[in-house]
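Presented below is the structure to which this report refers.
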Amino acid sequence: EELVLCDVPGLIEGAAEGVGLGHAFLRHVERCHVIVHLVDGTKEDPLGDFNMLNRELVRYGNGKLADMAQVVVVNKIDKWNEEGYDIAADKKAKLEAQLKQAMKHTRLMYMSAMNGDGVDDLMSRMAMFVRKVKETKQKVAEANEN
1 EELVLCDVPG
11 LIEGAAEGVG
21 LGHAFLRHVE
31 RCHVIVHLVD
41 GTKEDPLGDF
51 NMLNRELVRY
61 GNGKLADMAQ
71 VVVVNKIDKW
81 NEEGYDIAAD
91 KKAKLEAQLK
101 QAMKHTRLMY
111 MSAMNGDGVD
121 DLMSRMAMFV
131 RKVKETKQKV
141 AEANEN
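Right under this line is the structure:
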């Protein structure tokens, strides 16, 4: 099964108003079925980065991007383990609680792109999730035709 991904690197604050390549990036996102937020688990404020991206989605166009299905993936978890298990577990628990409160859904995953941990699970879940979103959109379109 084919899964097409659109990478939108460097989306910055103010993108909804055209700062940087904001409008060009956000136009690509409009064509997607699911948004994957790849959160850098080593950043000082990963929750702040997540919230900034969501604010830009709300502010762009008619705000429909904010209603798009989302999956949040915390990357670089291999770096947590370098600090020791207790620190890694504490960071994960704290970030997970913060993200789940901000997300208002449970589609939260963890991975390490560096060593591949969690990548296969992410791709499988994305394929399933995209399939469900497409089916739902098709049902809505059919209902609107009737």
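Numbering (UniProt numbering), first residue to last: 1 to 146. Note that beta-carbon positions come from the ideal geometry of N, C-alpha and C, so glycine has one too.
Each residue's CA atom was taken as its position, placing Phe50 and Ala127 some 23 Å apart.
No Cβ-Cβ contact shorter than 8 Å links Ala66 with Asn81. In the three-state reduction of the DSSP assignment, Asp117 falls in the coil class, being assigned neither a helical nor a strand state. Counting every other CB atom within 10 Å of its CB across the protein chains shown gives Glu56 a total of 16 or more, marking it as buried. In the structure shown, the three-state DSSP call for Asn146 is coil. If you compare the alpha carbons of His37, Val29, Gly41 with that of Lys94, the shortest gap goes to Gly41.
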